[in-house]
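Worksheet for the structure shown next.
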Amino acid sequence: MAVTVSEFGTFRGQRVDQFRLVSDTGVEVDIISYGVVVRDWRVPVAGGTRSVVLGFDTFEPYPEHSPHFGSIAGRVANRIKDASFTLDGVKHELVANEGSLTLHGGPEGLGRQVWNGQVDSANNAVRFTHHSLHGAMGFPGSVNFSATYTLKGNRLRLELDATTDRPTPLSVVQHQYFNLGTTETVLDHTIQVNSSAYSEVGPDLCPTGAILPSRGTIYDLRQGRTMRDAQGQGVDYDIGMMLDSGRNKAEPIATVVSPNQDLTLKLWSDRPAVQVYNGVWTDVAVPGLGGKRYGKSSGFCLEDQMLSDALHNPHFPNIIYSPERPYSHWSEFEIA
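Just add 1221 to the spot in the sequence shown (first one is 1) and you have our numbering.
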């Protein structure tokens, strides 16, 4: 199928393009060059198509109102305590954007930049590139990033790569917000994750460093469950879950089913963890796709990644990359 390109808006004097991928199964995905945002994702259902992500109809709301809807988050996704870290004896001061923390790379992270997009029609793909200067948001290293989205059938694959001229932390992630159904919240979706442990967090939602077993807790998602407790009240999820090391790598790391079971989402990834978030803090002041109102629990995220605040927890998987150790990461969603 042909990849179509159109102008979607302008950000700080830079043109923002939209790239539309269409598959032979009728799936359509719109991606914009601002933040490599998956703006809309439409899948066939009985009687027509359904948008399964949260986003906006026009560009204007994105810079001010988007809580990273569909974007690439980084350089370092999730939270960094005290907005600083020390690497090779040098302390690096970052830009705080969530209290005293740095979240998703800071206020001008990768999700707030206009990337260059190049169509690969032969593979029904778009490759986006961005050059991040040494010192951007306080991070060391001049880094060349690429993000390639490929649509085949019902599967959307993301390949993330980066090279740096000096050691620097990198942990980049997709940040889609999904709602597979037609209700205002995702609390009645059934979620299953191949994880037996989670990263304990403190009041600031930064990890304490402890990895705890999930059995018997609200974070035990090994068997599918809704996002409600025994009393039917919504459960808040914003937690990093360690994926089981002995899992079958051919099986998805997470599966989510819509309330009426007409759509199922599956996620595969090479990352050791996934952040499960069900829109605890979502409160968007402007209309979303099709005029929808986005409030608490309007969408869920499955952010396949390294663990949050790995820079202050050396026993977590290593996120320091160098000229000799380039960054590479893939994930793949299927919705049908």
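Cβ coordinates follow ideal geometry from the N, Cα and C atoms, glycine included.
CB-CB length for residue i against residue j, believed under 8 angstroms
i     : j     : result
R1260 : G1234 : Between G1234 and R1260 the Cβ distance is about 21 angstroms, and since that is not below 8 angstroms, they are no contact.
L1486 : L1372 : About 15 angstroms separates the two Cβ atoms, so there is no contact after all.
G1461 : S1529 : 5 angstroms
A1383 : E1524 : With a Cβ gap of about 17 angstroms, A1383 and E1524 do not count as contacting.
V1316 : G1356 : 11 angstroms between Cβ atoms; not a contact.
S1552 : Q1395 : 6 angstroms
Distance CB(residue i)-CB(residue j) smaller than 7 angstroms
i     : j     : result
G1455 : L1426 : no
P1282 : V1497 : no
T1403 : G1445 : no
A1368 : L1381 : yes
S1244 : G1374 : yes
F1554 : L1510 : no
V1258 : G1291 : yes
F1240 : Y1255 : no
V1505 : H1286 : yes
G1295 : Y1398 : no
V1264 : I1556 : yes
Q1334 : H1352 : no
N1415 : R1468 : yes
Buried versus exposed, by CB contacts within 10 Å (16 or more), residue i
i     : result
C1429 : What sits at residue 1429 in the sequence shown is Thr, not Cys. Flag for T1429 reads exposed.
W1596 : The structure shown does not extend to residue 1596, since the chain spans only 1222 to 1557, so no value can be given for it.
T1307 : exposed
H1536 : exposed
S1321 : exposed
L1331 : buried
S1342 : exposed
E1329 : exposed
K1314 : Just to set this straight, residue 1314 is Glu in the shown sequence, not Lys. Exposed, since its Cβ has fewer than 16 Cβ neighbours within 10 Å.
P1284 : exposed
M1448 : buried
G1437 : exposed
A1223 : exposed
L1433 : exposed
P1361 : buried
Residue i versus the options, residue with shortest Cα-Cα distance
i     : options                       : result
A1431 : G1437, S1420 and P1424        : S1420
E1545 : D1491, T1385, N1400 and L1322 : T1385
N1400 : V1414, R1436, L1324 and V1477 : V1477
P1493 : G1516, M1527 and A1475        : M1527
L1377 : S1435, V1347, P1388 and I1439 : V1347
G1310 : P1388, P1265 and N1299        : P1388
E1249 : I1460, S1519, N1345 and E1285 : N1345
P1390 : L1464, W1489 and H1533        : H1533
G1230 : R1271, A1267, D1278 and G1511 : D1278
H1550 : V1226, R1263, W1262 and S1392 : S1392
I1474 : V1264, H1286, P1288 and S1417 : S1417
D1441 : P1538, Q1452, M1463 and V1422 : M1463
I1252 : V1264, D1238 and T1246        : D1238
H1325 : N1337, A1304 and G1338        : A1304
Q1482 : I1439, V1266, A1471 and R1436 : V1266
I1301 : V1264, G1423 and A1383        : G1423
S1466 : E1405, D1491, D1450 and R1436 : D1491
S1518 : E1472, T1246 and D1459        : D1459
S1435 : Q1413, T1225, E1319 and G1268 : Q1413
F1349 : L1379, N1469 and S1479        : L1379
W1336 : V1394, H1396, R1236 and P1361 : R1236
K1513 : D1457, G1453 and E1405        : E1405
C1522 : P1361, N1365 and I1293        : I1293
N1499 : P1288, F1366 and T1323        : P1288
T1323 : T1270, G1338, A1531 and N1365 : A1531
Cβ-heavy atom distance, residue i to the ligand ATP, below 6 angstroms
i     : result
V1422 : Ligands in the displayed structure: none, and consequently the ligand ATP is not present.
Minimum Cβ-Cβ distance from residue i to chain C less than 7 angstroms
i     : result
T1429 : Reference to chain C is not applicable here, since this structure consists of a single protein chain.
Exercise. Going along the chain, which unbroken runs of the beta strand (DSSP E) with 3 or more residues stay wholly within the stretch 1328-1384?
Worked result: 1337-1341, 1346-1353 and 1364-1373
For this session: Pick out the complete alpha helix (DSSP H) segments inside the stretch 1406-1474, 4 residues or longer, and give them in chain order.
Result: none
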